[in-house]
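These notes are about the structure you will find just below.
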Amino acid sequence: MTAGNGRRVGSPYAPHTDADEAAMLDAIGVDSVEDLFDIPADVRFDDEFGIDSTDERELRQSLADLFARNEELTEFLGRGHHAHYVPALVDDLSRRSEFLTSYTQYQPEIAQGFLQVLFEYQSMLVELTGLPVANCSMYDAATALAEAALLANRLRRGASGHRVLVPEHLHEGRLGVLENYLDGADMEIGEYPMDDGAVDVDALSDLVDDETVMVYAESPTVRGVIEERLADIGDIAHENDALFCLGSDVVALSLLQEPASVGADVVVGEAGALGIGSAYGMGLGIFATREEYLRQVPGRLVGVSEDSEDMRAFTLTLQTREQHIRKERATSNICTNQAWVALRTAMHIAWLGPDRLVGIAKDAVTEARALAQRLDDLSGVKAPVHDRHHFREFVVYTDQPAPAITNDLAGRGFAVHALDDHHIQVCITEANADAADEFVAAFEEVA
């Protein structure tokens, strides 16, 4: 495309000449490429960034000054922000050039090490979930949930309904991604109520019918509640020929009920709780399922085979993404993988070993219980709000306005979530447990 000054703009790699573009525009009935885009003038790029040039030293100093304005807060955040201690070994090994510069392992002859790590990551998920198939990466828990819903709909293709049931307490980010995915698939989302922070099983039973393709539940929930009736939820789904999808994370899975034992057909969630800590955006989605759904699995799978010399070899297999097979046969268009993040998570789990992983999970229960009791002893505070077992986090009721308490705690160096006018969510892990005494003291001052 040629700009008004005669200079060609756009990608230098696009092969189309001005004559090619003119022919295509004429065929679709528009005058210019700009007519194909509805971009408001105030956000349209005008070929100028408006950034003054500067040298490296000045830029580094400017950025240092900017970052120095960030508040140093000890986080007691939950709701997906789960900071576990990441050992130096993970940083050191994952930053080796053969790992850090590897994108997708399309050439197995030069990527056996990386492929083996991803195969072991999948094997870890298989052991944690009890399900025989796990892929080697998804973007995050939200996209994993959405892909599970699409999988359920494909399996029920031709059935009367296309509805997915999700809990009343669901992270708004996950719900938003699910809505975006399902809107284009002509599917709908229904919501079932909670009873004191856990699934209202009787109400769910009344809502599930032959219109339902999938029932989604979480343990722990977004509020940290450990769901105690997962098997009943699975039975309700299966009695109506719907899939049961369970949301969790790699730490919780090491201690709580094995998903396969309660009838889960698909397990989704976050694996990045180990390996990357609180990444404020970057995630790593879990996706595990039954073997009969193997060819419906989105994303990438690493398999093990033998090479021409009968040596064990790892390779990407059963690639069902639209860039690999005919679009109409593809299960998903999810492309950019999280292989490097999965590698870090696998390293972290291997470093911990089964005993220390379970130990962290047990601490997530006992530390949350202990902190809730200490907060509950304060005047004007009730913790936890839900009379349930909790994992890592819990909801606190405060007589004083929750937003004001949250702001006051931030002024004292602590970050928590304000859920509404009188509810705050608090999360504790080994990463912030040492600050629990100071946190309780600060909470007493502001509450």
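Numbered per the working numbering, the sequence shown finishes at 1396, counting up by one with no gaps. For every residue, glycine included, the Cβ atom is placed at its ideal position computed from N, Cα and C. For clarity, every value in this text was computed on a predicted model and none was experimentally measured.
According to DSSP, what are the bridge partners of residue i?
| i | result |
| --- | --- |
| residue 1166 | 1195 |
| residue 1087 | 1234 |
| residue 1364 | 1024 |
| residue 1374 | 1344 and 1366 |
| residue 1066 | Answer is none; residue 1066 lacks a bridge partner. |
| residue 1141 | 1116 |
| residue 1263 | 1253 |
| residue 1218 | 1197 and 1235 |
| residue 1161 | 1112 |
| residue 1339 | 1174 |
| residue 1311 | None, per the DSSP bridge assignment. |
| residue 1082 | 1238 |
| residue 1180 | In the DSSP output, where bridge partners are listed per residue, residue 1180 has none listed. |
| residue 1330 | 1347 |
| residue 1147 | 1144 |
Since residue i and residue j are thought to touch, with beta carbons under 8 angstroms apart, how far apart are those beta carbons, to the nearest angstrom?
| i | j | result |
| --- | --- | --- |
| residue 1084 | residue 1071 | 7 angstroms |
| residue 1175 | residue 1205 | 6 angstroms |
| residue 1185 | residue 1154 | 5 angstroms |
| residue 1357 | residue 1389 | Actually they are not in contact, since the Cβ atoms of residue 1357 and residue 1389 sit about 14 angstroms apart, beyond 8 angstroms. |
| residue 1365 | residue 1355 | 6 angstroms |
| residue 1290 | residue 1233 | 4 angstroms |
| residue 1375 | residue 1343 | 6 angstroms |
| residue 1230 | residue 1033 | That pair is no contact at about 17 angstroms. |
| residue 1380 | residue 1067 | Not really, about 26 angstroms apart at Cβ, beyond 8 angstroms. |
| residue 1263 | residue 1248 | 16 angstroms between Cβ atoms; not a contact. |
Taking residue i as the reference, give the member of the options with the closest Cα.
| i | options | result |
| --- | --- | --- |
| residue 1105 | 1160, 1055 and 1155 | 1160 |
| residue 1295 | 1333, 1116 and 1220 | 1220 |
| residue 1267 | 1191, 1252 and 1380 | 1252 |
| residue 1192 | 1094, 1262, 1134 and 1318 | 1094 |
| residue 1080 | 1194, 1172, 1150 and 1350 | 1194 |
| residue 1456 | 1154, 1236 and 1167 | What is shown of the chain runs 950 to 1396, which leaves residue 1456 out entirely. |
| residue 1278 | 1101, 1245, 1203 and 1055 | 1245 |
| residue 1140 | 1163, 1129 and 1134 | 1163 |
| residue 1239 | 1215, 1315 and 1178 | 1215 |
| residue 1398 | 1128, 1058 and 1010 | Any property of residue 1398 remains undetermined from this structure, which presents the chain solely from 950 to 1396. |
| residue 1338 | 1328, 1078, 1316 and 1327 | 1316 |
| residue 1293 | 1263, 1222, 1128 and 1116 | 1222 |
| residue 1178 | 1156, 1171 and 1213 | 1213 |
| residue 1156 | 1082, 1360 and 1189 | 1189 |
| residue 1373 | 1362, 1360, 1381 and 1353 | 1353 |
| residue 1297 | 1045, 1224, 1248 and 1308 | 1224 |
| residue 1172 | 1336, 1217 and 1370 | 1336 |
| residue 1127 | 1089, 994 and 1021 | 1089 |
| residue 897 | 1387, 1361 and 1393 | With the chain covering only 950 through 1396, there is no way to say anything about residue 897. |
| residue 1170 | 1145, 1187 and 1087 | 1145 |
| residue 1325 | 1392, 1387 and 1302 | 1392 |
| residue 1383 | 1320, 1198 and 993 | 1320 |
| residue 1217 | 1024, 1098, 1046 and 1351 | 1098 |
Next on the checklist: I'd like to know if the segment 995-1003 and the segment 1341-1356 are in contact, where contact means that at least 3 CB-CB pairs between them fall below 8 angstroms.
Outcome noted: no
Item to check | beta strand (DSSP E) runs contained entirely in the segment 971-1033, provided each spans 3 or more residues | outcome: none
Next on the checklist: Under 8 angstroms: do the segment 1144-1158 and the segment 1126-1135 share three or more Cβ pairs, one atom per stretch?
Outcome noted: no
Next on the checklist: Measuring CB atoms only, is the segment 1229-1243 touching the segment 1033-1041, in the sense that at least three cross pairs come out at less than 8 angstroms?
Outcome noted: no
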